[in-house]
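These protein sequence lines are chains P, E and G, in that order.
For the first sequence, my numbering begins at 199 and goes up steadily by one.
For the second sequence, my numbering begins at 2 and goes up steadily by one.
For the third sequence, my numbering begins at 753 and goes up steadily by one.
Structure, as structure tokens:
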Amino acid sequence: MSIVNYLLSAFSIGIIFLLGATGEIITEKVGHLNLGIPGVMSVGATGGCIALQAMYKYRDVLPGWLIVLVALLACFICAGLMGLLYCFITVSLHSNQNVTGLALTTFGVGITKYEMSKLTRIGAHEYLYALPIFRQPFSDSTNALKYCGVMTFIALFIAIAVSFVLYRTKVGLNLRAVGESAATADAVGINVTAYKYVATIIGSGIAGFGGLYYIMDYAGSQEAYLSIEALGWLSVALVIFSLWKPLVCVFGSFVFGLLYIANAYAASILGITLPMKLTPIMKLLPYVATVIILVLTSIRKRRENQPPAGLGITYFREER
Amino acid sequence: MSTNTAIELRHITKRFGSVVANNDVSLEIRKGEILSVLGENGCGKTTLMNMIAGIYYPDEGEILVDGKPVIIRSPKDAFKYKIGMVHQHFKLVDIFTAAENIVLVDTEDKHYKMNAVNAKVKEIADRYGFNLDPKKKIYEMSVSEKQTVEIIKVLYKNSDILILDEPTAVLTPQETEMLFKVLRKMREDGKSIIIITHKLHEVLEISDRVAVLRKGEHIATVDTKDATESSLTEMMVGQKVSLNINRSEPVDSVTRLKVIGLSATSKDGVKVLDDINFEAKSGEILGIAGIAGSGQRELLEAIAGLQPLESGEIDYNDPKTGDIVNLRDKTPLQIRNMGVRLSFVPEDRLGMGLVGNMNITDNMMLRSYRKGKSIFVDRERPKNLAEEIIEELQVNTPGVTTPVRRLSGGNVQKVLVGREISAAPRVLMVAYPVRGLDINSSYTIYNLLNEQKEKGVSVIFVGEDLDVLLELCDRILVINSGRITGICDGRTVTKEEVGLLMTKSEKAEKEVSDGQ
Amino acid sequence: MDNNNHKEKQPLFHITKRNEMPVWQAMSVRVIAVMAALLLCMILSFILIGINPGKMLVSMITGSFGSQRRVWKFFKDLAVLLCISLAVTPAFRMKFWNIGAEGQTLIGCLASVACIINLGGKVSEPLLVIIMLAASLAAGAIWGLIPAIFKAIWDTNETLFTLMMNYIATFIVSYYLMVWTPSGSSTLGALKYGFLPVVFHNYFLLILVVVILTVLIYVYLNYSKHGYEISVVGESRRTALYIGINVKKVIVRTMALSGALCGLAGFLIVSALDHSITTNSVGGQGFTAIMVSWLAKFNPLAMAGTSALITFLNQGASQISTDFNIDSAFPNIIVGIIIFFIIGCEFFIYYKVNFRHKGKEAK
């Protein structure tokens, strides 16, 4: 049983990375390396929790689906606003993406700590009442299946949908063209600025779901918001690990999940007790794996596996 | 509307910082005509066309399409008015296929059935006789294939007005002929075509009317049937230019540089240099003629130690010791350390020869900063040199601390040539040294080259203007597709003969490929 | 063609690049941006939390300069941040986007602590400090070299690589914390060896080292042959090749230097301040340093100013959160808002927004 538990846990913690990375992939596909993703995910979680807190009084009146929907909407809007801020500075004000992204993370994590500690202070984290609703349909399960709530399916759906849009639709083709070469996209009449804004905002919104999922499904605790930043950086790593492909990301998130919690399950599965001190070593494996993938793709130089050619480059049409 | 005018430009002005690229240009393009926009490099042709295509936005003036004032803010707006442009630097997404790149332009296409798109692209290509695989990725394509994709892009969009920016620069004569056939067919369909070019014979061959630009201003538009090469040249350069470049007889010429069997292949697997053999002698100017991209750049870079070679030898005859050293597979630094005094004025002045963001003094030390044992750079001597060059070559600049990117093209070139000459070279290679320069600056450069020649330097001059090559050079080497097609005496050879050599090997190649 | 669009509006504005703006003008744009950001923060604080703006301003200033202790703390924080900012600068001048300063500094901390734990008490204190310094420099340099070598040989994306190296460093530290604390508490108490000598004041030597470093880096970048090569490589790879600079060598050498200086910062943090290590020893300053360096346009002297500004804001905002009993995350928010303004205002220094004249409409 413990092996099933392990796989399920790995799968569900992977969903956090999957959401964060899917959002980041959309952003990077239009040429923007958003290092603010950890901040965006944190703020998304905060937005969702505040909405849940606000609905606390009406929890018995409102249908479960509506509570989840409103929380998701609030999460999407808050995270999307962070994306909008990032986009305004990097696209409209032509500013450096790395610097802006890092500032966005500081800012977003700051807001999250501030707001979430306030929530916890008011009413003993009442927002956690929604835990069973989020964990539907497996909320009664006693093993790790309980983490596989509604958002799990939403996440998988989003990853598949994003992959479909990117590679099977005109909009996706346009979007990738913007990220590969903004000048080319501009020359054929694609509204580069609009694509960048919309992609970054939607990407941020999706990443925000990752933060909310962590609090309401996987962790289910009041202190969870403090760990979102670290998980956010893993999402950035996962984008590289998945070679900017959402479907590979589904697989990659599972691998990251397996590595991330390996130590905790080693004893019960292998029957051996790994020393506690190996936990950090296991936890750095996803990063090492990412570095290896990054190096291998740069050595092999297969064009399809490279980062979007325009990643990190500010586009100004009248540049001479 | 009864008007026969497709596009009208009224009083268009465009500035970049303090540089006026277009000044009060008024121009009209008729329906169903081929209009050539003619002018020297840097006369503002491309900028003007970019404003019609929505890449730039004019600072002043207005654009009328079908007699109505329109705003073209973006290429999308341009497409709305059925204007399509094929840029000189292709705007293609490398990792996309040809068809994917082409369907990008079709903003109305919401269904996105790749199979249908592939079929339609194939159909257009076949109709005009292009040879194109719609599923081929751009990064696997040759230059002319890429241009085909660009042209089909515009045809796919069904544009009424087609702008081509120097389309023939990268084509073989056969491909050019093919292209002209397509363009004539399009004219028959009532489309308007604008060709930006500086090749006079093409202007006369293909266009109905010619608009001449000079230094950002519109000089005149004339009917092609009333124009001749000389009348157009006169309008282009503004005055009848008899070049009258001095040319002295070479004195004590000895072989300084001997190139034997040089071959190289580019990253894309194209043979860029093919068994190149020649000698450059001291006290002479050796000209290199050829259509753009025939291997001139690779040849010079190979000698300078920047182009990896497959085979061949570059032998330098050291005048001090009389030793012969092989420069092949040496880095520029190794070449210098061997005591070889080789100076090189590359084609790409601000991207290679100079650093745009650095001031004149710092650019002076690019070559010499390593001198001395100190870990610090000595700025005193470069500063003096900068002041000397500014004084002697009359560089127009506020001072030695001005970043070179703020200087005009001619002044940038004076700084670069001045620096390269100051190293007292034995071999001086210059690539397109007068491109974009005004007449006065050009003559300054010619005189400098002649002075070097008289000092016994072996000068290698890559040029594009045949008249200059014929008046300046002692010998002219003609290169085509990486192969030498002839080496002639600059004093006796005629323009036609050189022109013929420039296209010769292509004809030979064509016969071979026909036979296959 | 459709005829309904002749009423189309002219674009409201369009953006062009400016000619160089005079320095004083550029500076005033930045000052105005900081002022506007502060004003916004005050208004927001007043509306959302009800803080009196006047009192907030007083808090802000007393946060850094309210007492002698706070002044020392201000200069201490400034020195550490400036040290890391100086460290990342050579790489940035080369346009090598090293965002791994956090990890390089942390690994420098780790090397120092490892020396103390293994050698503390076994060798003399001055020797220990010297070994610590050497170990930290080497550790930081190695952490910088790894991505640099891959960049030089295979052009591996350095931004993503250095980012990953940060987390690898964090988990290595957390591993050693477990090794060194057998109880499993993972909290290392203050160590008793490896103190940077105290001259005049606890923080004096630290500050002095950074002042000297600032001058050295300034001289290195602007007057040395290495610095010149870095500039050329950063400006144009093709020019560097043309004049025979070995670009790979410069990349590797410069990143080793950048990493080693981060290691130095790590050594200073351990030997002069913390005498211990946690995974949060660097506390995000490696990332803040990137902004500091960028805001100063990679000029070491200007960096003293920008790091002073960021330190002042941080400390002021902390003071506000103490004085008004607000959550300790409050400074992050304020500093975030102000940084957004400073980043954003650069736009107005380099670009011009042109509004169309109505009078030029066609007849």
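Don't be surprised by glycine CBs; every beta carbon is placed ideally from N, CA and C.
Query	Result
Give every residue of the same chain whose Cβ lies closer than 8 Å to the Cβ of T488(P), excluding the five residues on either side of it in the sequence, and list them in chain order.	A435, L436, I438, F439
Tell me, please, whether the CB atom of Y412(P) is closer than 9 Å to any CB atom in chain G?	no
Can you tell me which of the three DSSP states G262(E) falls into?	strand
Going by DSSP, what residues sit across from L879(G) in a beta bridge?	In DSSP, L879(G) forms no bridge with anything.
Taking just the CA atoms, how far does V356(E) sit from V984(G)?	7 Å
Going by DSSP, which residues form a beta bridge with N460(E)?	Sequence inspection shows Val at residue 460(E); the Asn mentioned does not correspond to that position. V460(E) is bridged to I286(E), L429(E).
Name the residues in the stretch 993-1018 of chain G whose C-beta lies less than 9 Å from a C-beta of chain E; which are they?	L993, Y994, I995, G996, I997, N998
Please list the partners that H438(P) has in chain G, where partner means a Cβ-to-Cβ separation under 7 Å.	In the sequence as presented, His is not what sits at residue 438(P); that position holds Ile. Residues of chain G passing the Cβ test: L912.
What do you reckon, are the CB atoms on V266(P) and A328(P) nearer than 9 Å?	yes
Could you work out which residues of chain C lie near L492(P), taking near to mean beta carbons separated by less than 7 Å?	Protein chains P, E and G are contained in the structure displayed, whereas chain C is not.
Does N278(E) come within less than 9 Å of chain G when only Cβ atoms are used?	no
Closer than 9 Å, CB to CB, is D95(E) near chain P or not?	yes
Counting along the chain, where does the alpha helix (DSSP H) carrying N338(E) start and finish?	333-338
Less than 6 Å between C-beta atoms, sequence neighbours within five positions excluded: which residues of the same chain meet that for T350(P)?	I213
So L367(E) and T991(G) are in contact, right, with Cβ under 8 Å, and what is the actual spacing, rounded?	7 Å
Distance, Cα to Cα, A507(P) vs T495(P)?	14 Å
Chain P beta carbons: is any one of them nearer than 9 Å to that of K200(E)?	no
Helix, strand or coil, according to DSSP, for P54(E) in the structure here?	Correcting the residue identity first, residue 54(E) is Ala in this sequence and not Pro. Coil.
Do you know how far the Cα of K394(P) is from the Cα of G278(P)?	13 Å
Measure the C-alpha to C-alpha separation of V458(E) and C489(E) and round it to an integer number of angstroms.	20 Å
Hey, how far is the Cα of K241(E) from the Cα of T234(E)?	Residue confidence is low: K241(E) scores 42 on pLDDT, short of 50, so the model does not pin down where it sits. No coordinate-derived value is stated.
Kindly say whether K394(P), judged by its beta-carbon, lies nearer than 9 Å to any beta-carbon of chain E.	no
If the cut is a Cβ gap below 7 Å, which residues of chain P does T108(E) touch?	G387
Does any residue of chain P have a CB that is nearer than 9 Å to the CB of N159(E)?	no
Output yes or no for whether 9 Å exceeds the beta carbon distance between G387(P) and P76(E).	yes
For S75(E), decide whether its Cβ has a neighbour in chain P, counting only Cβ atoms nearer than 9 Å.	yes
Leaving aside the five residues before and after L415(E) along the sequence, list all residues of the same chain whose C-beta is less than 6 Å from its C-beta, in chain order.	The sequence shown places Lys at residue 415(E), rather than the Leu named in the question. The residues are L394, V396.
Applying a beta-carbon distance threshold of less than 7 Å, which residues of chain G neighbour R337(E)?	G996
Given a limit of 9 Å on CB to CB distance, which residues of the stretch 200-234 of chain P reach chain E?	none
Taking 9 Å as the threshold (C-beta atoms), are F97(E) and E324(P) in contact?	no
Within 9 Å of any Cβ in chain G, is that where the Cβ of S425(P) sits?	no
Within 9 Å of any Cβ in chain G, is that where the Cβ of T266(E) sits?	no
Taking R319(P) as the query, report the chain E residues whose CB atoms sit under 8 Å from its CB, ordered along the chain.	None at all; the shortest Cβ gap to chain E is about 51 Å.
What are the residues of the stretch 947-971 of chain G that lie near chain E, defined by any Cβ-Cβ distance shorter than 7 Å?	none
Give a yes or no on contact between the stretch 814-831 of chain G and the stretch 953-963 of chain G, applying the rule of three or more CB pairs nearer than 8 Å.	yes
Are the CB atoms of S208(E) and L36(E) nearer to each other than 9 Å?	yes
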